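Those letters in the sequence shown? Residues 1 to 126, by the UniProt record's numbering. For each residue, glycine too, the CB sits at the ideal point set by N, CA and C. Please read all numbers here as calculations on a predicted model, not as lab measurements. In what follows, a single structure is set out as structure tokens and then discussed.
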Amino acid sequence: MRLFAAVLPPDAVVAELAARVKALQTLPGADGLRWTEREGWHFTLAFYGEVAEEVLPELHTRLARAAHRHRAHELRLAGGGRFDDRVVWVGVDGDSEALRRLADSAEAGADGSGSRWTGTVRTTRI
């Protein structure tokens with residue numbers, strides 16, 4: 001199965017963002033975009049690609065350990081933009097360095113679990 005490690009924004013943030021996205025969906029040309037359901041909004045930390053089911057327990061344990069080693073940090077939605085004519089993104093501001101360190105830990109969590117990370121998203125956006 002294809003897996004990645006991600007941080008999910010709090011429900012209140014998702015609700016606020018959803019209200020703003022709803023307004024964007026009424027703009028001219030919005031029907032040409034592929035809108036992701038709010039349940040899929042996340043910050044990708046590491047992408048693992050295809051992972052065998054038998055390594056999932058070890059990967060889960062390593063990622064849980066990695067997450068518990070990091071303190072909570074605060075991010076705020078800030079700005080946004082688009083890639084070509086099909087992708088709209090929302091940026092963040094705040095302790096993005098803490099998010100980078102968490103991404104590093106998510107990468108390291110794959111080591112020794114029998115899986116490999118194939119790349120990390122180094123930009124902080126939903």
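Give me, in chain order, the residues of the same chain whose beta-carbon lies closer than 7 Å to that of R76; leave out the 5 immediate sequence neighbours on both sides. Cβ neighbours of R76 within its own chain (closer than 7 Å, five residues either side excluded): V92, D93 and G94.
Have a look at the DSSP bridge pairing and note the partners of T44. DSSP lists A6 as partners of T44.
For A110, count neighbouring C-beta atoms within 10 Å of its own C-beta (all shown protein chains included) and say buried if the count is 16 or more, exposed if not. Its Cβ being crowded by 16 or more others within 10 Å, A110 is buried.
At a cut of 8 Å, does the region 65–72 reach the region 15–27 through at least three beta carbon pairs? Cβ pair count under 8 Å is below three, so no.
Please confirm if the region 2–11 is in contact with the region 33–51, defined as three or more CB-CB distances below 8 Å between the two stretches. Yes: at least three Cβ pairs fall under 8 Å.
Smallest Cα separation from E39: which of V14, E54, G79 and A30? Of the candidates V14, E54, G79 and A30, the one whose C-alpha sits nearest the C-alpha of E39 is V14.
At what residues does the alpha helix (DSSP H) containing D104 begin and finish? Unbroken alpha helix (DSSP H) run through D104: S96 to A110.
Own chain, CB closer than 7 Å to A78, minus 5 neighbours either side, in chain order: Only G91, V92 and D93 meet the Cβ criterion.
Please classify R62 as buried or exposed, where buried requires at least 16 other C-beta atoms within 10 Å of its C-beta. Label assigned to R62: buried.
Own chain partners of R86 with C-beta closer than 8 Å, once the 5 adjacent residues on each side are dropped: So the qualifying residues of the chain are G32, L33 and R34.
Out of A98, M1 and L17, which has the shortest C-alpha to C-alpha gap to E53? Here the closest residue by C-alpha is M1.
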